[in-house]
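Reading through the structure tokens given below for one structure.
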Amino acid sequence: MGLFDQVMQAIDDPNRIASTTDLGQIAKIVQQLGQQSNASPEGMQQAVSILGGFVKSSLKETRAQQGDAAAQALVDQGSQSGAAVIGRLFSGGQQQQIAQTVSDRTGLNMAQVQALLPTLIPIVMKLLNSGNTRQAGEINNNVLSTFLDGDGDGDVDMGDMIGMASRFAR
7 MGLFDQVMQA IDDPNRIAST TDLGQIAKIV QQLGQQSNAS PEGMQQAVSI
57 LGGFVKSSLK ETRAQQGDAA AQALVDQGSQ SGAAVIGRLF SGGQQQQIAQ
107 TVSDRTGLNM AQVQALLPTL IPIVMKLLNS GNTRQAGEIN NNVLSTFLDG
157 DGDGDVDMGD MIGMASRFAR
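In the numbering used here, the protein residues as written are 7 to 176.
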């Protein structure tokens, strides 16, 4: 089952925190960021997808070294405040590499990308957190598990998910 399917399943599950309202807000924020940055919707989807790949690597490393609870804690924190979690996810050098990669692949300049990171990271984290349960202390996030345990083909469907969310939210 794909990532978007997991989010949709979480929306249908009253025990999960996902909602159609959240999904619509995420799509709207990405659209607004694209307009403010003079980026096409496809360019913003690509930026989110690239960022998703870096987030995936960081969360996989966290999970391998510190366990599922630590990875979920980063997702929880990142869904609230991306700026606060950026340093926990990525070193300064990695942040530069991310900005350069996104810039190279989308046509956005480095300054734009660096300005977008504190907003885009919470978007990725909110999508990942949507599968979390409503019960405090329970670690059972099917969306995060699907994201981290994907097929490893390097294709992170985070950008596709934003595109589907935009169509779904209309």
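Cβ atoms here follow ideal geometry from the backbone N, Cα and C, with glycine treated the same way.
Just so it is clear, the structure is predicted and the values come from calculations on it, not from any experiment.
Less than 8 Å between the beta carbons of residue i and residue j, yes or no?
i           : j           : result
residue 128 : residue 87  : yes
residue 95  : residue 149 : no
residue 40  : residue 30  : no
residue 57  : residue 68  : no
residue 35  : residue 25  : no
residue 136 : residue 19  : no
Could you tell me the distance, in whole angstroms, from the CA atom of residue i to the CA atom of residue j?
i           : j           : result
residue 66  : residue 44  : 33 Å
residue 90  : residue 114 : 23 Å
residue 109 : residue 13  : 28 Å
residue 161 : residue 107 : Residue placement at residue 161 is poorly supported in this model, since its pLDDT is 48, which falls under 50; the coordinates still yield a value, given next. Answer to the nearest angstrom: the Cα atoms are 15 Å apart.
residue 98  : residue 123 : 13 Å
residue 73  : residue 85  : 19 Å
residue 92  : residue 126 : 11 Å
residue 102 : residue 71  : 24 Å
residue 77  : residue 155 : 13 Å
Three-state secondary structure (DSSP) at residue i?
i           : result
residue 161 : Reliability fails at residue 161, whose pLDDT of 48 lies under 50, so the model's placement of it is uncertain and the value that follows must be treated cautiously. It is coil, neither helix nor strand.
For residue i, I'd like the list of residues in its chain whose CB is within less than 8 Å of its CB, leaving aside the five on either flank, ordered along the chain.
i           : result
residue 179 : The first residue shown for the chain is 7 and the last is 176, placing residue 179 beyond what the model contains.
Among the residues of its own chain, which have a CB less than 6 Å from the CB of residue i, if the five just before and after it don't count?
i           : result
residue 138 : 23, 147
residue 105 : 116, 119, 120
Identify, in the order they occur along the chain, each residue of the same chain with its Cβ nearer than 7 Å to the Cβ of residue i, setting aside the five sequence neighbours on each side.
i           : result
residue 153 : 9, 62, 134
Open item on the list: In chain order, what are the residue ranges of uninterrupted alpha helix (DSSP H) at least 4 long that sit wholly in the region 40-86?
Closed with: 47-72, 74-86
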